[in-house]
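The numbers in the numbering used here rise by one with no breaks, and the one at position 69 of the sequence shown is 344.
See structure below.
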Amino acid sequence: MSKLESLEHIVSFAKRRGFIFQSSEIYGGLSSCYDYGPLGVELKNNVKKAWWKAMVQDRNDVVGLDASILMHPKVWEASGHLEGFTDPLVDCKECKKRWRADHLLEAKGIKPTFEPGDWGNHKVRCPECEGELTEVRKFNLMFKTQMGALEDEADEVYLRPETCQGIYTNFLNVQNTMRKKLPFGIAQIGKAFRNEITPGHFTFRTREFEQMEQQYFSHPDDKKKIFDMWQEARMKWYLDLGIKKENLQFREHDPDELAHYASRALDIEYNYPGMGFSELAGIHDRGDWDLTRHSEFSGEKLEYFDQQENKKYIPHIIETSDGADRATLAFLVDAYDEVETRSGEEGGKHEKEVVLRLHKSLAPIKVAILPLSKKEPLQKLSDEIQTELRQNLMTMYDETGSIGKRYRRQDEIGTPYCVTVDFDSLEDKAVTVRDRDTMEQERIKIGELDRWFKEKFNF
Ligand code: GAP
């Protein structure tokens, strides 16, 4: 578990330090919607960049895509979302509060089934006021909107509830233009929308969120080893980026909790503070469900011609699906550390300091430039140093407060290195570089800084 006891702690930390704000806060906020601040957008972009590098740039068998959020309404008929992407809802007849019926049953240790008549037998009352609850209704989670000026049914479109459908509808386009042979994958990052009945736990479950999804197409006989390959690769990605091993685990879905498209699903779970192990990402065997359905509904044969076997068939799909927001939250809480005061300030009280031990590649700011004084020659030299470093790295300039306070500020936002420019720098043309984690300080020639950081950040 991280040093955080609850998510509330990270909510206020994330706000205080410019990572994540409540959406529309000046209007009282919009429930379950969040805005990434100056540091949050850097962190989340770095998470997405790291994912893209591992999934696309570093591989020959996966290519990228950026499909539109709005798609032909038939897509959602074919995908099964119009029919099956629903949550079971009940309303309290007294206090009018709305509940997820499956959650109410689970809380009582009852396996949720909603055959007609079942619900009444369960004798569940409103957890808030003990009032009587309505019958169970199916509530579709897709957001509906209108396309064009005329408000008739023909113009109804949906905000996509998952990004992968744009990959399936582009299967032939990508395969033909990129001359891809099976097995190969298509990856994309983008927003998805779900009208969740019970959003919550900060950015863990929101109605607008971002997914990082990859669909790997193969011959059905190869599926098992491909599933194993992705299971290992996706877990390794989180570990390589510094998440503690004890905070991650796999969870296999029971057959009766599988989504309508999946024949097997395995979650990667993270031990979120105050929540326990909860879904961070999924690996799904979607079989030939999606391409078969889209072939049926569109009339286009989404098949692959296997030259070796001299026959056509519909490829099977192993999907990897990671939530960019859930991943960003996991990296943030896992990196959060509190230490005894170490800034070395004179008269420094023994209080706790926060150090965000983010992996270097994820840190929002890579290098802080800290002139020891606001005097002109130091400012000028610091400015020159920043101009050079910012060509490759995200930097921050800070000249206010004692040097101890400034180190502390950078530790709190996870900056791996601080460059201090002092009066000696004017003479010896060198600066002091401080390491966030070891706190070791090294004197480095200004002319060698760029190469030094190149090695550290691998750019
Ligand atoms: N294409 C398959 C799919 O969408 P999913 O398990 O419904 O599968 C995949 O979602 C991932 O998307 C989840 O593991 C999670 O990281 C993220 N996700 C799903 N719903 C979310 C929500 N309401 N808020 C934030 N992230 C969400």
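Note that CB positions come from ideal geometry on N, CA and C, so glycine has one too.
Nothing here was measured: the structure is a model prediction, and the numbers come from that model.
Cβ neighbour criterion (16 or more within 10 Å) applied to residue i
i           : result
residue 302 : exposed
residue 621 : At residue 621 the pLDDT is 49, less than 50, meaning the model places this residue with poor confidence; the figure from the coordinates comes in the next sentence. So residue 621 counts as exposed.
residue 420 : exposed
residue 281 : exposed
residue 574 : exposed
residue 485 : buried
residue 538 : exposed
residue 726 : exposed
residue 518 : buried
residue 495 : exposed
residue 530 : exposed
residue 813 : What is shown of the chain runs 276 to 734, which leaves residue 813 out entirely.
residue 714 : exposed
residue 681 : buried
residue 424 : exposed
residue 591 : buried
residue 382 : exposed
residue 385 : exposed
residue 693 : buried
residue 437 : buried
residue 733 : exposed
residue 490 : buried
residue 335 : exposed
residue 430 : exposed
residue 637 : buried
Limits of the alpha helix (DSSP H) - the one that residue i falls within
i           : result
residue 397 : 393-397
residue 501 : 498-515
residue 321 : 313-327
residue 377 : 376-382
residue 282 : 282-291
residue 449 : 446-453
residue 613 : Looking at the DSSP string, residue 613 is not in any alpha helix (DSSP H); the run it does join, the beta strand (DSSP E), is 611-615.
residue 349 : 349-353
Strand pairing of residue i, partner residues [DSSP]
i           : result
residue 413 : 363
residue 644 : 672, 694
residue 722 : Residue 722 is not bridged to any residue.
residue 710 : 692
residue 419 : 433
residue 700 : DSSP lists no partner for residue 700.
residue 460 : 337, 491
residue 766 : Residue coverage of the chain in this structure runs from 276 to 734, which leaves residue 766 outside it and unanswerable.
residue 654 : In the DSSP output, where bridge partners are listed per residue, residue 654 has none listed.
residue 400 : Note: residue 400 sits in no beta bridge, so no partner.
residue 683 : Looking at the DSSP assignment, residue 683 forms no beta bridge with any residue, so it has no partner.
residue 228 : This structure cannot speak to residue 228, because the chain is shown only from 276 to 734.
residue 539 : 560
residue 572 : Answer is none; residue 572 lacks a bridge partner.
Residue interval of the beta strand (DSSP E) (run including residue i)
i           : result
residue 672 : 670-672
residue 595 : 591-598
residue 523 : 523-527
residue 628 : 627-631
residue 562 : 551-562
residue 338 : 337-339
residue 582 : Looking at the DSSP string, residue 582 is not in any beta strand (DSSP E), and its letter there is neither H nor E.
residue 739 : Because residue 739 is not part of the residues shown, which for the chain are 276 to 734, the question remains open.
residue 332 : Where residue 332 is concerned, there is no enclosing beta strand (DSSP E), given that its DSSP letter is neither H nor E.
residue 296 : 295-297
Beta-carbon separation (whole angstroms), residue i vs residue j, contact threshold 8 angstroms
i           : j           : result
residue 369 : residue 406 : 3 angstroms
residue 759 : residue 317 : Lying before the first or after the last residue shown, residue 759 is absent from the chain, which here runs from 276 to 734.
residue 345 : residue 449 : In fact, because the Cβ distance is near 20 angstroms, the residues do not count as touching under 8 angstroms.
residue 678 : residue 645 : 6 angstroms
residue 513 : residue 543 : 7 angstroms
residue 640 : residue 706 : Their Cβ separation, rounded to whole angstroms, is 17 angstroms, which puts residue 640 and residue 706 out of contact at 8 angstroms.
residue 548 : residue 721 : Between residue 721 and residue 548 the Cβ distance is about 42 angstroms, and since that is not below 8 angstroms, they are no contact.
Any non-hydrogen atom of ligand 2 closer than 8 angstroms to residue i Cβ
i           : result
residue 556 : In the structure on display, ligand 2 does not appear, and the ligands it does have are ligand 1.
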